[in-house]
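Below you'll find the structure, written out as structure tokens, and then a few comments.
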Amino acid sequence: MNKSPVSPEKAYRLINPGLVVLVSVGDGRKDNIFPVTWNMPLRKSPGMVTMLSGKGHYSYRFIEKTGEFALNVPDVSLVDAVFGCGTTTGFDDVDKFERFELTRGKAKKVRAPLVNEALAHLECRVCQVVDLGTSALLLAQVLCAQACDERCPKGNWCFDGDLQLIHHLTGNRFAVTTSEVKAKSVSSK
């Protein structure tokens, strides 16, 4: 197997494509949506997640103001909306819900709207912000979560060949998760 060098600036692409989420934010008067690939679970109990956001982003101002956001998990049917939300700025006074034909849903614990078309939602409150210069690492407690019964029964994704979660590669390139595999059980001696 031949291997070629990868610059340190692009090395993140080797361990990322991560699951894309649509982050929704709002203060009760205005709202916005932006896609985030750099996100992950942080702790099970209490449930916590982390994500990276550029501090110059329009949506980051809502997070600073409210300390809240919602993670919405889209499937491949929303890939154009995800890409559009990522290439359109809220600074242009664009209603991304309207522009990308997404429906606002009512959250139970946060002011941010949910993206109804997403398969799952995690409503979050920021606990800690790690300043990384032009970006911020947000550590947040999950206050409430819900998932599509058909695609995620009992909180476990069901990859039956039909479910396709999206992962960002670069630019307008995405990959999809389409199946699950099971490892053989190995007993320790």
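Residue numbers (the working numbering): 3 to 191. Don't be surprised by glycine CBs; every beta carbon is placed ideally from N, CA and C. Bear in mind the structure is a predicted one, so any value in this text is a computation, not a measurement.
Contact check, residue i vs residue j, beta carbons under 9 Å
i	j	result
valine 117	cysteine 126	no
aspartate 77	leucine 139	no
proline 115	arginine 101	no
cysteine 160	cysteine 154	yes
serine 55	serine 137	yes
asparagine 74	leucine 16	no
glutamine 143	glycine 49	yes
Spatially closest choice to residue i from the options, by CA coordinates
i	options	result
phenylalanine 85	Val38, Val8 and Ser187	Val38
lysine 108	Phe102, Asp95 and His123	His123
valine 81	Glu152, Arg63, Val96 and Ala120	Ala120
phenylalanine 176	Gly20, Glu11 and Pro43	Gly20
glutamate 182	Cys87, Thr172 and Leu167	Leu167
valine 128	Asp97, Phe99 and Thr68	Thr68
glycine 42	Gln148, Leu141, Gly163 and Glu152	The amino acid at residue 42 is misidentified as glycine; the sequence shows methionine. The shortest C-alpha separation from methionine 42 is found at Leu141.
serine 79	Gly157, Lys184, Val22 and Lys156	Val22
arginine 63	Thr52, Trp40, Asp33 and Ala83	Asp33
tryptophan 40	Asn174, Lys184 and His169	His169
tyrosine 14	Val178, Thr172 and Val96	Thr172
Straight-line gap, residue i to residue j (C-alpha atoms, nearest Å)
i	j	result
phenylalanine 93	serine 47	37 Å
tyrosine 60	aspartate 29	13 Å
lysine 110	phenylalanine 71	12 Å
threonine 180	lysine 186	20 Å
serine 189	leucine 44	29 Å
lysine 98	cysteine 87	6 Å
glycine 58	glutamine 148	30 Å
isoleucine 35	isoleucine 65	12 Å
threonine 52	aspartate 133	13 Å
valine 178	glycine 163	11 Å
threonine 90	lysine 184	39 Å
alanine 83	valine 27	16 Å
asparagine 8	glycine 135	First, the residue type needs correcting, since residue 8 is valine and not asparagine in the sequence shown. Approximately 24 Å, taken between the alpha carbons.
leucine 104	asparagine 4	44 Å
glycine 157	aspartate 151	8 Å
valine 96	arginine 31	14 Å
Range covered by the alpha helix (DSSP H) that runs through residue i
i	result
phenylalanine 64	60–68
aspartate 82	81–89
phenylalanine 36	Segment 33–38 is the beta strand (DSSP E) holding phenylalanine 36; no alpha helix (DSSP H) there.
arginine 15	14–17
Start and end residues, beta strand (DSSP E) containing residue i
i	result
leucine 134	122–134
leucine 104	Careful: leucine 104 lies outside any beta strand (DSSP E) and carries neither H nor E.
leucine 145	137–149
glycine 55	The displayed chain sequence assigns serine, not glycine, to residue 55. Run containing serine 55: 50–56, per the beta strand (DSSP E) assignment.
glycine 30	No beta strand (DSSP E) holds glycine 30; DSSP gives it neither H nor E.
leucine 21	That residue, leucine 21, is in no beta strand (DSSP E); it is neither H nor E in DSSP.
Near the ligand NAD: residue i beta-carbon under 8 Å from a heavy atom
i	result
valine 131	You won't find the ligand NAD in this model; it holds no ligand whatsoever.
- Query: Of all the beta strand (DSSP E) runs that stay within the bounds of the stretch 155–179, which reach a length of 3 or more residues?
  - Reply: 162–172
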